[in-house]
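At position 97 of the sequence shown (counting the first as 1) the number is 1362 in this note's numbering, and the numbers step up by one without a gap.
We put the beta carbon where it would ideally sit given N, CA and C, even for glycine.
The structure appears right after this line, and notes come after that.
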Amino acid sequence: MMTMMLASTQVTAQSTPAYHFLTLNTEEYPPFNHERDGKIAGLATQRLRHAVASAGIDARFVILPWARAYTEARFRPDHCVYSTTRTPAREALFRWAGPLVINEWSVLTLAGRFEDLTRLEELDGLRVGGFLEDAIGDYVEEQGIRVLRAPSERVNMARLKAGLIDVLVSGRATATFLAAEQNVAIDHRFTFARTPLYLACHADVPGEVMERLQTALEAPP
1266 MMTMMLASTQ VTAQSTPAYH FLTLNTEEYP PFNHERDGKI AGLATQRLRH AVASAGIDAR
1326 FVILPWARAY TEARFRPDHC VYSTTRTPAR EALFRWAGPL VINEWSVLTL AGRFEDLTRL
1386 EELDGLRVGG FLEDAIGDYV EEQGIRVLRA PSERVNMARL KAGLIDVLVS GRATATFLAA
1446 EQNVAIDHRF TFARTPLYLA CHADVPGEVM ERLQTALEAP P
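The structure is reproduced here in C-alpha cells:
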C-alpha cells in the first residue's frame, strides 16, 4: 500500500471566516495530482490550494490509493476527494466544486500494437486495463467491455509494458506522463470522451462552504 503523505495548507482570508477543517484526499494521477519532492503537486492541486486560501478555508491535502481516497470522501465527514469525474451515479453522493481540469478519456497501446483500433467496440476480446473505482473503466464496462482493474495507473502502465494487458483505457495526459516516467513507448489510438474533473465533498460539508470554494475556483487567476 502506498505510504500516506500529508501536506497542509492553513490560510485564513480576512474577508471570510475560516471553516473549521477540510481534508482533501487525492491520488497519484499526474499531471493533475501527484507527489513531487515530498509534496502534493499537480495542476488540479495548484488550483485547489489557491481556492482554499482565497475562500478562507483550513485544509490539509492527503495522497492515498484512489479507492480509499474516494471511500473516505464518501463516508467520512469533512472529507473530499479530487480529481473526480462527476457522473450521474455519483451526483447525489457528494457536494461538488469545479471543474478543476479537463480529462481526455483515451485508448492507448504499446507503440506499434493494435494500430487499427478506432472504436470501443473493437476492444471486445482484448485484455483491457483500468483501475479500481475509476469512472473511465466504469464507462467502458457499461459498453459491454470487460476491464481488468489494477490498484493504480502506475501499476497499469507496468502491466502494459510487461504485456499483461493489451490496451489501456486512461486519461491521455496521465498515461503520457506515466509512460515517460517508466520509459514505455505508447501510442494514443483514439479519444472517446472529454470530461471535466471536480472536487467531491462529503454531503455534510455546508453549502455555504462549497459556494465559497466554487466562487474562488471561478475567479480569474
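- Message: Can you tell me whether His1467 is buried or exposed? The criterion is at least 16 other CB atoms within 10 Å of its CB, across all chains shown.
- Response: For the purposes of this step, residue 1467 is identified with residue 202 of the sequence shown, where counting begins at 1. With 16 or more other Cβ atoms within 10 Å, it is buried.
- Compare the beta carbon distance of Val1372 and Val1432 with 9 angstroms and say whether it is the shorter of the two. By one-based count along the sequence shown, residue 1372 stands at place 107. By one-based count along the sequence shown, residue 1432 stands at place 167. It is a contact, given that the beta carbons lie within the stated cut-off.
- Out of curiosity, what's the CA-to-CA distance linking Glu1386 and Asp1323? Reading the sequence shown from its first residue, position 121 is the one you call residue 1386. Reading the sequence shown from its first residue, position 58 is the one you call residue 1323. Those two C-alpha atoms are separated by around 46 angstroms.
- Task: Could you give the DSSP three-state label for Thr1288: helix, strand or coil?
- Result: The sequence position of residue 1288 within the sequence shown is 23, counting from 1. Reduced to three states, the DSSP call for Thr1288 is strand.
- Task: Could you spell out where the beta strand (DSSP E) holding Gly1363 opens and where it closes?
- Result: Numbered from 1 along the sequence shown, position 98 holds the residue referred to as residue 1363. Where Gly1363 is concerned, the enclosing beta strand (DSSP E) stretches over 1360-1375.
- Item | Spatial distance of Phe1396 from Trp1331 (CA atoms) | Counting from 1 along the sequence shown, the entry for residue 1396 is found at position 131. Counting from 1 along the sequence shown, the entry for residue 1331 is found at position 66. Approximately 9 angstroms between the Cα atoms of the pair.
- Query: Within this structure, are the beta carbons of Arg1351 and Pro1471 separated by less than 9 angstroms?
  - Reply: Reading the sequence shown from its first residue, position 86 is the one you call residue 1351. Reading the sequence shown from its first residue, position 206 is the one you call residue 1471. Cβ distance not < 9 angstroms, so Arg1351 and Pro1471 don't count as in contact.
- Query: Rounded to a whole number of angstroms, what is the C-alpha to C-alpha distance between Leu1391 and Ile1430?
  - Reply: Residue 1391 sits at position 126 when you count from the first residue of the sequence shown. Residue 1430 sits at position 165 when you count from the first residue of the sequence shown. Taking the straight line joining both Cα atoms gives about 8 angstroms.
- Euclidean distance between Cα positions of Phe1455 and Arg1378: Position 190 of the sequence shown, counting from 1, holds the residue named residue 1455. Position 113 of the sequence shown, counting from 1, holds the residue named residue 1378. Approximately 13 angstroms between the Cα atoms of the pair.
- Task: For Pro1461, write down the residues that DSSP places opposite it in a beta bridge.
- Result: In the sequence shown, the residue the question calls residue 1461 occupies position 196. DSSP output for Pro1461 lists Ile1367 as bridge partner(s).
- Query: Quick one, are the C-beta atoms of Val1327 and Thr1291 less than 9 angstroms apart?
  - Reply: Along the sequence shown, one-based indexing puts residue 1327 at 62. Along the sequence shown, one-based indexing puts residue 1291 at 26. Yes, Cβ-Cβ distance for Val1327 and Thr1291 is below 9 angstroms.
- Task: Evaluate Ala1484 with the Cβ neighbour count: other Cβ atoms within 10 Å of its Cβ, from every protein chain shown; 16 or more gives buried, anything less gives exposed.
- Result: One-based indexing of the sequence shown puts residue 1484 at position 219. By the 10 Å Cβ count, Ala1484 comes out exposed.
- Message: Rounded to the nearest angstrom, what separates Asn1298 and Ala1465 at their Cα positions?
- Response: In the sequence shown, the residue the question calls residue 1298 occupies position 33. In the sequence shown, the residue the question calls residue 1465 occupies position 200. Looking at the two C-alpha atoms, the distance is approximately 14 angstroms.
- Query: Would you call the CB atoms of Val1412 and Gly1436 closer than 9 angstroms?
  - Reply: Locating residue 1412 in the sequence shown gives position 147, counting from the first residue. Locating residue 1436 in the sequence shown gives position 171, counting from the first residue. Result no, Cβ atoms of Val1412 and Gly1436 do not sit closer than 9 angstroms.
- Message: Output needed for Ala1415: all residues of its chain with C-beta closer than 8 angstroms, excluding positions within five of it in sequence on either side, in chain order.
- Response: If you number the sequence shown from 1, residue 1415 lands on position 150. Result list for Ala1415: Gly1394, Gly1395, Phe1396, Leu1397, Asn1421, Arg1424, in chain order.
- Taking the alpha carbon of Glu1369 as the point to measure from, which residue in Arg1477, Asp1302, Gln1447, Val1434 has its own alpha carbon closest? Numbered from its first residue, the sequence shown carries residue 1369 at position 104. The shortest C-alpha separation from Glu1369 is found at Val1434.
- Near Phe1340, which residues of its chain fall below 8 angstroms by C-beta distance, leaving aside the five closest residues on each side in sequence? Here the question's residue 1340 lines up with position 75 in the sequence shown. Excluding residues within five positions, the ones whose Cβ falls inside 8 angstroms are His1467.
- Query: Nearest to Leu1289 by CA position, among Asp1302, Gly1303, Pro1296, Thr1336, is which residue?
  - Reply: If you number the sequence shown from 1, residue 1289 lands on position 24. Here the closest residue by C-alpha is Thr1336.
- Leu1417 to Phe1359 span [Cα, whole Å]: What you label residue 1417 is simply residue 152 of the sequence shown in a count that begins at 1. What you label residue 1359 is simply residue 94 of the sequence shown in a count that begins at 1. As written in the sequence, residue 1417 is Ser, which differs from the Leu given in the question. Going by the C-alpha atoms only, they are around 23 angstroms apart.
- Item | Neighbour-count burial assignment, Gly1307, 16 or more Cβ in a 10 Å radius | Taking the first residue of the sequence shown as 1, we reach residue 1307 at position 42. Under this definition Gly1307 is a buried residue.
- Message: Assuming Val1346 is part of the beta strand (DSSP E), what are its boundary residues?
- Response: Position 81 of the sequence shown, counting from 1, holds the residue named residue 1346. Run containing Val1346: 1344-1350, per the beta strand (DSSP E) assignment.
- Task: State buried or exposed for Ala1316, treating a residue as buried only when at least 16 other CB atoms are found within 10 Å of its CB.
- Result: For this step, residue 1316 is matched to residue 51 along the sequence shown. Ala1316 is buried by the Cβ-count criterion.
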